[in-house]
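Participant:
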Amino acid sequence: MLVPVRPLLLVRPLFPVLGARRVPSTNVPAASHPDAIAATPSTAPSAPLALTDRRPVVPAERLVAEMVPPPRFSDVSFGSYLPDTTQPSQYEAVRVLEEFAASLNGGSTAAKRGWFRRSAPVATGPAGVYLDGGYGVGKTHLLASLWHATPGPKAFGTFVELTNLVGALGFQQAVQTLSGHKLLCIDEFELDDPGDTVLVSTLLGRLVDNGVKLCATSNTLPEKLGEGRFAAADFLREIQGLSAHFRPLRIDGQDYRHRGLPEAPAPYSDETVEAVAARTPGASLDDFDALLGHLAAVHPSRYGAMLDDVTAVCLRGVHQVDDQSTALRLVVLADRMYDRELPITASGVPFDQVFSEEMLRGGYRKKYLRAVSRLVALSRDSAKLS
Ligand SMILES: Nc1ncnc2c1ncn2[C@@H]1O[C@H](COP(=O)(O)OP(=O)(O)OP(=O)(O)O)[C@@H](O)[C@H]1O
Ligand SMILES: [Mg+2]
1 MLVPVRPLLL
11 VRPLFPVLGA
21 RRVPSTNVPA
31 ASHPDAIAAT
41 PSTAPSAPLA
51 LTDRRPVVPA
61 ERLVAEMVPP
71 PRFSDVSFGS
81 YLPDTTQPSQ
91 YEAVRVLEEF
101 AASLNGGSTA
111 AKRGWFRRSA
121 PVATGPAGVY
131 LDGGYGVGKT
141 HLLASLWHAT
151 PGPKAFGTFV
161 ELTNLVGALG
171 FQQAVQTLSG
181 HKLLCIDEFE
191 LDDPGDTVLV
201 STLLGRLVDN
211 GVKLCATSNT
221 LPEKLGEGRF
231 AAADFLREIQ
241 GLSAHFRPLR
251 IDGQDYRHRG
261 LPEAPAPYSD
271 ETVEAVAART
281 PGASLDDFDA
291 LLGHLAAVHP
301 SRYGAMLDDV
311 TAVCLRGVHQ
321 VDDQSTALRL
331 VVLADRMYDR
341 ELPITASGVP
351 FDQVFSEEML
361 RGGYRKKYLR
371 AVSRLVALSR
381 DSAKLS
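According to the working numbering, the sequence shown is numbered sequentially starting from 1.
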């Protein structure tokens, strides 16, 4: 077999329906201090569910159908992307991507934006665009906007999901299936496994030959941003003969998730976490340790399905994770919770301390830093439950 299914594989559940995962409003009164909300009487009729009780199974044949933007990005658009007025590269990214979408639409999309009207629609363009930037600058928002602005058939998935698809279908079948697409969007392109990089590069080469247009994103590490160096150089070097097909676009700017927002709340007490879980319909409640143990027993491709119908995640006793495999599983879970916009209410240590300094300096630091940025944003969202 050409490609074994890797341990870190992601599968989105079958129901990427908007709204289905939105957190319902609760009638719980606001509280200014984290623990103040513990005093609020419980109003939910049923006990919270436990993620550790769930072992979903996701059939492989659904993989292609599920290659759509995750719920968080199910209705984003170029119009809902608000460029930072101090960052010209954000305006430029929107302009180029609208132009790219226009070329896939036969020129119709670009004409809708007044400031772009004077440029002629592009009939032919690069086979691919590559978006590069720091955490939370809106790469996925723009990638999903391109996907939404493009007629089908089209597919959207992370790099890991794409390798998962090839593993499940086999290389030839994956080429055949995806060759019928107009556009393939690949989020979070990874270069840390040479085998997968070659595999996906080869796949993309075949797809480009068959006329499929591509758009990919990946993160640049904060310290590299400080040096003015972006991941584009690595990407273009590693994707073999494909670099000529990609137009790299870098997006400068701050992490939008934290732009002008307050710090994440300090961890809550166990009692508060339990109270929030009890009164929030659809909330899960787990001990962090038990959940980490459970993650080892469930394939990471099923973590998304594990969160089906969950509206909020409550965790007792968050602590620093001391081994790499556990930490990487937690990253996948964090991504799935982020996709679903699930607020996290937690006791224990704050999420910016959940990965050790050593991990944050190691080979997977990109993943860990991204997970911290996302977990902190989700824990800030816990205030919505109060
Ligand atoms: N300029 C913007 N205007 C409006 N919303 C934005 C903007 N930039 C980011 N967002 C929103 O902020 C959140 C983070 O953006 P997004 O996930 O697209 O960033 P990213 O660069 O892909 O981050 P990551 O490094 O985590 O992959 C999303 O909910 C997105 O919709
Ligand atoms: Mg992203």
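For glycine and all other residues, C-beta sits at the position ideal for the given N, C-alpha and C.
Compute every distance between the C-beta of T140 and the non-hydrogen atoms of ligand 1, then say whether any falls below 7 Å.
Facilitator: In the sequence shown, residue 140 corresponds to position 140, counting from 1. Yes, the beta carbon of T140 sits closer than 7 Å to at least one heavy atom of ligand 1.
Participant: Keeping to the same chain, check which residues put their C-beta closer than 7 Å to that of H33; ignore five residues upstream and five downstream.
Facilitator: The residue labelled residue 33 in the question sits at position 33 within the sequence shown. With a pLDDT of 34 at H33, under the threshold of 50, the modelled position of this residue cannot be trusted; read the value that follows with caution. Closer than 7 Å at Cβ, skipping near neighbours: no residue.
Participant: Output the distance between the C-alpha atoms of L191 and D252, rounded to the nearest integer angstrom.
Facilitator: For this step, residue 191 is matched to residue 191 along the sequence shown. For this step, residue 252 is matched to residue 252 along the sequence shown. Going from the Cα of L191 to the Cα of D252 covers about 21 Å.
Participant: Evaluate S284 with the Cβ neighbour count: other Cβ atoms within 10 Å of its Cβ, from every protein chain shown; 16 or more gives buried, anything less gives exposed.
Facilitator: By one-based count along the sequence shown, residue 284 stands at place 284. S284 comes out buried.
Participant: D323 CB to nearest chain C CB: under 8 Å?
Facilitator: Any reference to chain C falls outside this structure, which holds one protein chain only.
Participant: Touching or not, the stretch 365–378 and the stretch 134–154, by the rule of three or more beta carbon pairs under 8 Å?
Facilitator: Contact holds: three or more Cβ-Cβ distances are below 8 Å.
Participant: Identify, in the order they occur along the chain, each residue of the same chain with its Cβ nearer than 8 Å to the Cβ of V76, setting aside the five sequence neighbours on each side.
Facilitator: Translated into the one-based positions of the sequence shown, residue 76 becomes position 76. Here the set comprises P69, H141, A144, S145 and H148.
Participant: Pull up the distance between the alpha-carbon of E238 and that of P56, whole angstroms please.
Facilitator: The residue given as residue 238 occupies position 238 in the sequence shown. The residue given as residue 56 occupies position 56 in the sequence shown. Going by the C-alpha atoms only, they are around 36 Å apart.
Participant: Once you ignore the five residues that flank T185 on each side, which residues in its own chain have a CB closer than 6 Å to its CB?
Facilitator: Here residue 185 refers to the residue found at position 185 when the sequence shown is read from its first residue. Looking at the sequence provided, one finds Cys at residue 185 rather than Thr. So the list reads L143, W147, F156 and C215, once near-sequence residues are dropped.
Participant: Leaving out five residues on either side along the sequence, give the residues of the same chain with a beta carbon under 8 Å from the beta carbon of S347.
Facilitator: Locating residue 347 in the sequence shown gives position 347, counting from the first residue. If we look at S347 and ignore the five residues flanking it on each side, its Cβ neighbours are P267, Y268, S269, D270, T272, V273, L315, R316, G317 and V318.
Participant: For ligand 2, is there any heavy atom lying closer than 7 Å to the beta carbon of D187?
Facilitator: As a position in the sequence shown, residue 187 is number 187, starting the count at 1. Because some heavy atom of ligand 2 lies under 7 Å away, the Cβ of D187 counts as near it: yes.
Participant: Quick check on S42: buried or exposed, where buried means 16 or more other Cβ atoms within 10 Å of its Cβ?
Facilitator: Residue mapping note: residue 42 aligns to position 42 of the sequence shown, counting from 1. Annotation note: pLDDT 45 at S42 (below 50); position unreliable, coordinate value reported separately. Looking at its Cβ environment, which holds fewer than 16 other Cβ atoms inside 10 Å, S42 is exposed.
Participant: Starting from V129, follow its DSSP beta bridges and name the residues at the other end.
Facilitator: Reading the sequence shown from its first residue, position 129 is the one you call residue 129. Beta-bridge pairing links V129 to C215 and R247.
Participant: Let's see if you can read the secondary structure: which residues bound the alpha helix (DSSP H) around T326?
Facilitator: For this step, residue 326 is matched to residue 326 along the sequence shown. Run containing T326: Q324 to D339, per the alpha helix (DSSP H) assignment.
Participant: Under 8 Å Cβ to Cβ from P48, same chain only, skipping five residues before and after it: list those, please.
Facilitator: Position 48 of the sequence shown, counting from 1, holds the residue named residue 48. A277, A278, T280, A283, S284, L285 and C314, listed in sequence order.
Participant: In three-state terms, what does DSSP make of T163?
Facilitator: By 1-based counting over the sequence shown, the position of residue 163 is 163. Three-state result, T163: helix.
Participant: Does N387 pass the burial test, meaning 16 or more other C-beta atoms within 10 Å, or should it be called exposed?
Facilitator: Given a span of 1 to 386 for the chain in the structure shown, any question on residue 387 remains unanswerable.
Participant: For T202, is the beta carbon positioned less than 7 Å from some heavy atom of ligand 2?
Facilitator: Locating residue 202 in the sequence shown gives position 202, where the first residue counts as 1. Answer for T202: no, Cβ out of range of ligand 2.
Participant: Can you give me the C-alpha to C-alpha distance between Q390 and S201, rounded to a whole angstrom?
Facilitator: Given that the chain is displayed from residue 1 to residue 386, the structure contains no residue 390 and the question cannot be resolved.
Participant: Could you please give the first and the last residue of the uninterrupted alpha helix (DSSP H) stretch that includes D289?
Facilitator: Residue numbering aside, residue 289 sits at position 289 when the sequence shown is read from its first letter. Looking at the DSSP string, the run of the alpha helix (DSSP H) that includes D289 is F288 to A297.
Participant: V76: beta carbon under 7 Å from a heavy atom of ligand 1?
Facilitator: Along the sequence shown, one-based indexing puts residue 76 at 76. Flag set: Cβ of V76 near ligand 1.
Participant: In the DSSP assignment, find the unbroken alpha helix (DSSP H) run with F351 in it and report its ends.
Facilitator: Position 351 of the sequence shown holds residue 351. Where F351 is concerned, there is no enclosing alpha helix (DSSP H), given that its DSSP letter is neither H nor E.
Participant: Should V96 go down as buried or exposed, given a rule of 16 or more other Cβ atoms within 10 Å for buried?
Facilitator: Working through the sequence shown from its first residue, we reach residue 96 at position 96. Burial call: buried.
Participant: Nearest by alpha-carbon distance to R247: which of D308, T217 and D193 is it?
Facilitator: Translated into the one-based positions of the sequence shown, residue 247 becomes position 247. Checking every option, the nearest Cα to that of R247 belongs to T217.
Participant: On the DSSP letters alone, give me the boundaries of the alpha helix (DSSP H) that G205 sits inside.
Facilitator: Locating residue 205 in the sequence shown gives position 205, counting from the first residue. Start and end: P194 to D209.
Participant: Whose C-beta lies closer than 7 Å to the C-beta of L236 among residues of the same chain, with five residues either side of it excluded?
Facilitator: Start at 1 with the first residue of the sequence shown, and residue 236 comes out as number 236. Closer than 7 Å at Cβ, skipping near neighbours: S243, F246 and P248.
Participant: Report yes if the C-beta distance between S356 and D322 is below 8 Å; otherwise report no.
Facilitator: Translated into the one-based positions of the sequence shown, residue 356 becomes position 356. Translated into the one-based positions of the sequence shown, residue 322 becomes position 322. Yes, the Cβ-Cβ distance between S356 and D322 is below 8 Å.
Participant: Using the Cα positions of L295 and L162, report the straight-line distance between them to the nearest angstrom.
Facilitator: Numbered from its first residue, the sequence shown carries residue 295 at position 295. Numbered from its first residue, the sequence shown carries residue 162 at position 162. Each residue's Cα considered, the two are about 22 Å apart.
Participant: With a threshold of 7 Å (Cβ to nearest heavy atom), would Q90 be considered close to ligand 1?
Facilitator: Stepping through the sequence shown from its first residue, residue 90 is reached at position 90. Yes, the Cβ of Q90 comes within 7 Å of a heavy atom of ligand 1.
Participant: Determine whether the beta carbon atoms of K182 and L104 lie at a separation below 8 Å.
Facilitator: Translated into the one-based positions of the sequence shown, residue 182 becomes position 182. Translated into the one-based positions of the sequence shown, residue 104 becomes position 104. Yes. Within cutoff.
Participant: Using DSSP's beta-bridge definition, name the partner residues of K384.
Facilitator: Residue mapping note: residue 384 aligns to position 384 of the sequence shown, counting from 1. Its beta-bridge partners do not exist; DSSP assigns none.
Participant: Among L292, R336, L378 and V332, which has the Cα closest to the Cα of D352?
Facilitator: Residue 352 sits at position 352 when you count from the first residue of the sequence shown. With distances taken between Cα atoms, D352 lies closest to L378.
Participant: Taking the straight line between their C-alpha atoms, what separation do you get for T85 and V94?
Facilitator: Against the sequence shown, residue 85 aligns to sequence position 85. Against the sequence shown, residue 94 aligns to sequence position 94. If you take the alpha carbons of T85 and V94, they lie about 13 Å apart.
Participant: Could you give the DSSP three-state label for F355: helix, strand or coil?
Facilitator: For this step, residue 355 is matched to residue 355 along the sequence shown. Correct three-state label for F355: strand.
Participant: Since I believe F78 is in contact with E99 (beta carbons under 8 Å), could you give me their beta-carbon distance rounded to a whole number of angstroms?
Facilitator: Here residue 99 refers to the residue found at position 99 when the sequence shown is read from its first residue. Here residue 78 refers to the residue found at position 78 when the sequence shown is read from its first residue. Not quite, the Cβ-Cβ distance comes to about 11 Å (not below 8 Å), so this is no contact.
Participant: Roughly how many angstroms separate the alpha carbons of L292 and S46, rounded to a whole number?
Facilitator: Taking the sequence shown and counting its residues from 1, one reaches residue 292 at position 292. Taking the sequence shown and counting its residues from 1, one reaches residue 46 at position 46. Distance between the alpha carbons of L292 and S46 is about 25 Å.
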